[in-house]
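Number of protein chains: 2
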Amino acid sequence: MAKKLFIPGPVEVHQDVLNAMSVPMMGHRSADYAALHQRVTDKLKKVLYTEGRVFLSTSSAFGVMEGAVRNLVQKRCVNFCNGAFSDKWHDVTKRCGIEADAVHAEWGKPILPEMVDEALKTGKYDAMTIVHNETSTGTMSPLEEIAEVMKEYPDISFIVDTVSSMSGAKVEVDILGLDVCVASVQKAFGLPPGLAVFTVSEKALEKAKSTPNRGYYFDFLEFAKNDEKHNTPSTPCISQIHALGVQLDRILKEGIEERFARHAKMAEKTREWILSKGFELFAPEGYRSNTLTSGKNSKDADLEGLKKKLSERGYVFDNGYGKIKNKTFRIAHMADIMPEDLDDLFKVIESIWAEN
Amino acid sequence: MAKKLFIPGPVEVHQDVLNAMSVPMMGHRSADYAALHQRVTDKLKKVLYTEGRVFLSTSSAFGVMEGAVRNLVQKRCVNFCNGAFSDKWHDVTKRCGIEADAVHAEWGKPILPEMVDEALKTGKYDAMTIVHNETSTGTMSPLEEIAEVMKEYPDISFIVDTVSSMSGAKVEVDILGLDVCVASVQKAFGLPPGLAVFTVSEKALEKAKSTPNRGYYFDFLEFAKNDEKHNTPSTPCISQIHALGVQLDRILKEGIEERFARHAKMAEKTREWILSKGFELFAPEGYRSNTLTSGKNSKDADLEGLKKKLSERGYVFDNGYGKIKNKTFRIAHMADIMPEDLDDLFKVIESIWAEN
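Those protein sequences? They're chains X and P, same order as listed.
Its first residue numbered 1, the first sequence is counted upward by one per residue in my numbering.
Its first residue numbered 1001, the second sequence is counted upward by one per residue in my numbering.
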């Protein structure tokens, strides 16, 4: 039996999108594929507010995140860390043999522009990484303010993970001046996993030319070269790309701004419900994610038990990630989740609690 | 309109397998996913004649091929090259910053055991790569004989691309002593692209522990660690894994040996037809692929024209790859292609030629 997913990826996928996964195969070096690729990337440019390049990688986003540091760090990288995925990015950077330092904020707290400025003004770095929306904590760092700081450092590559925010919250790639912006499609896009979407600025592509040991599978210059023919370096996951095309039509039909507003409204509703049940919110005011909300288990509730009972009733609920498991819980309200789906979830949780 | 594919990947996919791509989503850290993962890898072990580890990578095979050299070359690599994909593997090895030499055979010719022995006895190498079935030329190198040579060099990692042979021709991973054996599923497996399947020996995993800069996305030790929980390091392409499960049931129902025999029979049929039309075969006797056949354009036929006319009639035909384009042509007879599909293709080609 399929369960209703309220976790931050994989998420519920609309039936029309699932059906698009079953389209018969085509050759990936064909004119038909190039036309599909171009249609999809043209629509992605609207969602990402960019006139630059948008690439499709057959991988999860972390492959591209690793690729970004392999392509763009020539001197030393600073990884801003405030949760499980940003911490991991620092670890992965070092595992690539790249010199890197971490600047930490407490889990749940945002990365602030002054932290970025302080690190970069040391002159030690030629690249920085930041996670816009920490999926482990429900914290959204102020990307616009950070982008203002980054304008002072045009030679430092600005590499941003928008894994769980892209297409659920506004990220204007060109206005913000992002060098890399990456997401997996199984989050706010509402697709099955297996595909990552990313942008690379022309400035970053130029820099990559002089970075050694970029490898092949995540070599940004290979993506750029193949993009000229509306194609990918390696055989792409054609089924997911068909599905992405269908989902982008649905997204554009809803309206991009309307979609962001729906996510913001669902975030507001979830925060209110969590507070009304006597829990606190994990992220501070002003830095709370629009695509998922993390509650602090301030009442020491039995979250494992709740998760189990919800599962029996057909709902998948998340009782926190990594070192904050059971100390927090996460409710994802992204992609095709609607406010009424949240009403439904909240009622079921309340009925479980009423039984106790 | 969907066209019938006679190219060496992507290939025709059975409707039941396409339908499995549309199964509703599940969380990838759930018990349901672990059960799916275990079912699929258990069945893969039968197809690969291994009791060792089988990993699933959300990527094309080339990602894993890059990963293999990043994980397993500590000193110097020798890449055996006899076609576009083996040549590319050498290029990719160097692009990773790894010291490597190429040993070349002419395109279309096999890699022979004596070539392997000659290179390895220099003592310069701790890893070798070879492409079992060169998809660009239809040449199958004698893996069993090469494996005999490799028994003399137990400390040299034996890394094999079986991209277009795995599940279409017998590759006994354990008996051959392969350290890495990798394939993409859009070839002889008969699935949509987006997933690679690979084995890594325990000896290779042990070696990887002391290889620096393995990165993360293709770090074999990450795959091994997650395999303990029947899972993957990053979010897997769940839809493809569902489809692989369905296709493995179909493969096991046909019978593995029966499947290999069907591929051999189709290869024989295709060779006979090519010769009967006055063309030569590109690969020499004894080294011809069982999953795709390459003909030499010895009659200087208009292959571009043939490709175009076949396309108009709903068939996708390949007029050679890379530097041997139009000098050769390739007919893939792998996965779910049946002998009668080839009869159909041959009749259509003959009718096109009859028109001229």
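Even glycine gets a Cβ: it sits at the ideal position worked out from N, Cα and C.
Asked: Chain-ordered neighbours of Asn133 (chain X) on chain P, where CB pairs are closer than 9 angstroms; Found: Going along chain P, no residue has its Cβ under 9 angstroms from Asn133 (chain X), so there is no contact; the nearest lies around 16 angstroms.
Asked: Own chain partners of Ser1311 (chain P) with C-beta closer than 8 angstroms, once the 5 adjacent residues on each side are dropped; Found: Lys1003 and Phe1317
Asked: Short Cβ contact (8 angstroms threshold) for His1230 (chain P) with His1028 (chain P); Found: no
Asked: Alpha carbon of Ala1283 (chain P) to alpha carbon of Asn1133 (chain P), nearest angstrom; Found: 11 angstroms
Asked: Identified DSSP bridge partners for Thr328 (chain X); Found: X:Lys296 and X:Lys325
Asked: For Arg1214 (chain P), three-class secondary structure by DSSP; Found: coil
Asked: Three CB pairs or more closer than 8 angstroms across the region 1267 to 1286 of chain P and the region 1326 to 1334 of chain P; Found: yes
Asked: Sequence-distant residues of its chain with Cβ nearer than 8 angstroms to Ala204 (chain X) (five each side left out); Found: Asn71, Leu72, Ser157, Asp179, Val180 and Phe220
Asked: Three-way DSSP call (helix, strand, coil) for Val1068 (chain P) in this model; Found: In the sequence on display, residue 1068 (chain P) carries Ala and not Val. Three-state result, Ala1068 (chain P): helix.
Asked: Assigned secondary structure, His104 (chain X) (DSSP; H/G/I helix, E/B strand, else coil); Found: strand
Asked: 8 angstroms Cβ cutoff met for Leu1345 (chain P) and Val1197 (chain P); Found: no
Asked: Contact under 8 angstroms by Cβ, Lys109 (chain X) with Asn79 (chain X); Found: no
Asked: Reduced DSSP secondary structure (H/G/I, E/B, other) of Ala208 (chain X); Found: helix
Asked: At least three beta-carbon pairs within less than 8 angstroms, the region 1285 to 1295 of chain P to the region 1044 to 1059 of chain P; Found: no
Asked: Expected contact under 8 angstroms - CB spacing of Ile98 (chain X) and Cys77 (chain X) to nearest Å; Found: 6 angstroms
Asked: Beta-carbon separation (whole angstroms), Trp89 (chain X) vs Asp161 (chain X), contact threshold 8 angstroms; Found: 7 angstroms
Asked: Range of the contiguous beta strand (DSSP E) that encloses Met1128 (chain P); Found: Ala1127 to Val1131
Asked: Outcome for Thr1122 (chain P) when other beta-carbon atoms lying within 10 angstroms are tallied against a minimum of 16; Found: exposed
Asked: Contact list for the region 89 to 101 of chain X against chain P, Cβ threshold 7 angstroms; Found: Val92, Arg95, Cys96 and Gly97
Asked: In DSSP terms, what Ala183 (chain X) is bridged to; Found: X:Val197
Asked: Contacts around Ala105 (chain X), its chain only, beta-carbon distance under 8 angstroms, and the 5 residues preceding and following it disregarded; Found: Phe80, Cys81, Asn82, Ile111, Leu112 and Met115
Asked: Backbone CA spacing between Glu202 (chain X) and Trp353 (chain X) [nearest angstrom]; Found: 54 angstroms
Asked: Whole-angstrom C-beta distance between Val47 (chain X) and Met65 (chain X), which should lie under 8 angstroms; Found: Not a contact, Cβ separation roughly 20 angstroms.
Asked: For Lys109 (chain X), the three-state DSSP class (helix, strand or coil); Found: coil
Asked: Own chain residues within Cβ distance below 8 angstroms of Gly322 (chain X), not counting five before or after; Found: Ala84 and Ser136
Asked: CB contact below 8 angstroms: Glu357 (chain X) versus chain P; Found: Nothing about residue 357 (chain X) can be reported from this structure: the residues present for chain X run from 1 to 356 only.
Asked: Below-8 angstroms beta-carbon distance, Cys81 (chain X) vs any chain P residue; Found: no
Asked: Backbone secondary structure at Arg1250 (chain P) - three-state DSSP; Found: helix
Asked: Environment of Glu1350 (chain P) [buried if 16+ CB atoms lie within 10 Å]; Found: exposed
Asked: Where Glu1012 (chain P) falls, given that 16 or more other Cβ within 10 Å makes a residue buried; Found: buried
Asked: Among P:Lys1296, P:Phe1223, P:Pro1193 and P:Asn1019, the one whose alpha carbon lies nearest that of Ile1324 (chain P); Found: P:Lys1296
Asked: Assigned secondary structure, Arg39 (chain X) (DSSP; H/G/I helix, E/B strand, else coil); Found: helix
Asked: First and last residue of the uninterrupted alpha helix (DSSP H) at Asp174 (chain X); Found: Val173 to Leu176
Asked: Three-state secondary structure (DSSP) of Arg29 (chain X); Found: coil
Asked: From X:Gly168, X:Glu118, X:Gln74 and X:Ser276, residue whose alpha carbon lies closest to that of Gly9 (chain X); Found: X:Gly168
Asked: CB contact below 8 angstroms: Gln247 (chain X) versus chain P; Found: no
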